[in-house]
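See structure below.
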Amino acid sequence: MANPMKSVVKPVPQSAELEVALKGARRASADATSSAAPAQPEVVAIARRRQFSASEKRRILAEADRCSEPGQIGALLRREGIYSSNLAAWRKRRAAEGKTGLDPRKRGHKADPVIAETRRTAALTRENDRLRRQLMQARLIIDVQKKVSSLIALQNEEDTDGNSAWTE
Numbered sequence: 115m116a117n118p119m120k121s122v123v124k125p126v127p128q129s130a131e132l133e134v135a136l137k138g139a140r141r142a143s144a145d146a147t148s149s150a151a152p153a154q155p156e157v158v159a160i161a162r163r164r165q166f167s168a169s170e171k172r173r174i175l176a177e178a179d180r181c182s183e184p185g186q187i188g189a190l191l192r193r194e195g196i197y198s199s200n201l202a203a204w205r206k207r208r209a210a211e212g213k214t215g216l217d218p219r220k221r222g223h224k225a226d227p228v229i230a231e232t233r234r235t236a237a238l239t240r241e242n243d244r245l246r247r248q249l250m251q252a253r254l255i256i257d258v259q260k261k262v263s264s265l266i267a268l269q270n271e272e273d274t275d276g277n278s279a280w281t282e
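In this note's numbering, the protein residues as written are 115 to 282.
And the structure:
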């Protein structure tokens with residue numbers, strides 16, 4: 115009785131046949147003799163958020179306003195690569211502020227006018243104190259100069275009289 119589950123053993127191909135069979139299956143890094151250069155995808159070092167200009171926002175909003183059939187807005191959003199929340203926010207800003215509402219805004223903390231005024235007041239107070247100290251110093255110097263001048267004048271008077279207080 116012959117065994118129907120007989121295993122079939124294939125002969126091992128020679129090295130030349132193996133090279134031909136595996137030529138297209140090798141990775142670029144393993145095949146140093148390959149003439150094809152490895153793919154070098156261009157990678158941006160820092161991911162940047164997509165920014166829309168005011169004209170782009172107006173164009174997209176106008177196109178969204180023209181959509182009347184179900185699914186047209188979804189297709190527009192997919193085509194433009196934006197979310198429905200972007201469209202809703204742009205509509206809200208356009209309704210609240212008009213055309214200027216779509217202009218790009220600076221990101222980050224907004225300047226608080228109260229804090230700015232407090233800082234300005236503190237700087238002016240410091241400058242005022244500095245100027246007061248300089249004024250007091252100038253007055254002191256002027257007082258000393260007056261006293262020195264009066265002493266010199268007194269000494270000159272005594273020298274002319276012949277009675278020197280310094281030569282006694």
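All C-beta atoms in this analysis are idealised placements derived from N, C-alpha and C, irrespective of residue type, glycine included. In this text the structure is predicted, and so the values were computed from the model without any measurement.
Coarse secondary structure for residue i, derived from DSSP in three states
i       : result
Gly-188 : helix
Ser-169 : helix
Lys-260 : helix
Ser-255 : The sequence given here places Ile at residue 255; Ser does not occur at that position. In the structure shown, Ile-255 sits in a helix (DSSP, three-state: H, G or I).
C-beta atoms of residue i and residue j nearer than 8 Å
i       : j       : result
Arg-284 : Leu-216 : In the structure as shown, the chain starts at 115 and stops at 282, and residue 284 therefore has no counterpart that could be examined.
Glu-170 : Leu-190 : no
Ile-174 : Cys-181 : no
Pro-218 : Ala-161 : no
Own chain, CB closer than 6 Å to residue i, minus 5 neighbours either side, in chain order
i       : result
Asp-145 : In this prediction, Asp-145 has a pLDDT of 48, which is less than 50 and means its spatial position is unreliable; what the coordinates show is noted afterwards. If we look at Asp-145 and ignore the five residues flanking it on each side, it has no Cβ neighbours.
Sequence-distant residues of the same chain with beta carbon closer than 7 Å to residue i, five excluded per side
i       : result
Arg-207 : Gly-215, Leu-216
Arg-205 : Leu-175
Element boundaries [alpha helix (DSSP H), containing residue i]
i       : result
Ser-182 : Premise fails: Ser-182 is in no alpha helix (DSSP H) and is neither H nor E.
Glu-211 : 198-211
The region 221-240 in contact with the region 179-199 per 3-pair CB rule at 8 Å: No, because fewer than three Cβ pairs between the region 221-240 and the region 179-199 fall closer than 8 Å, the two stretches do not touch.
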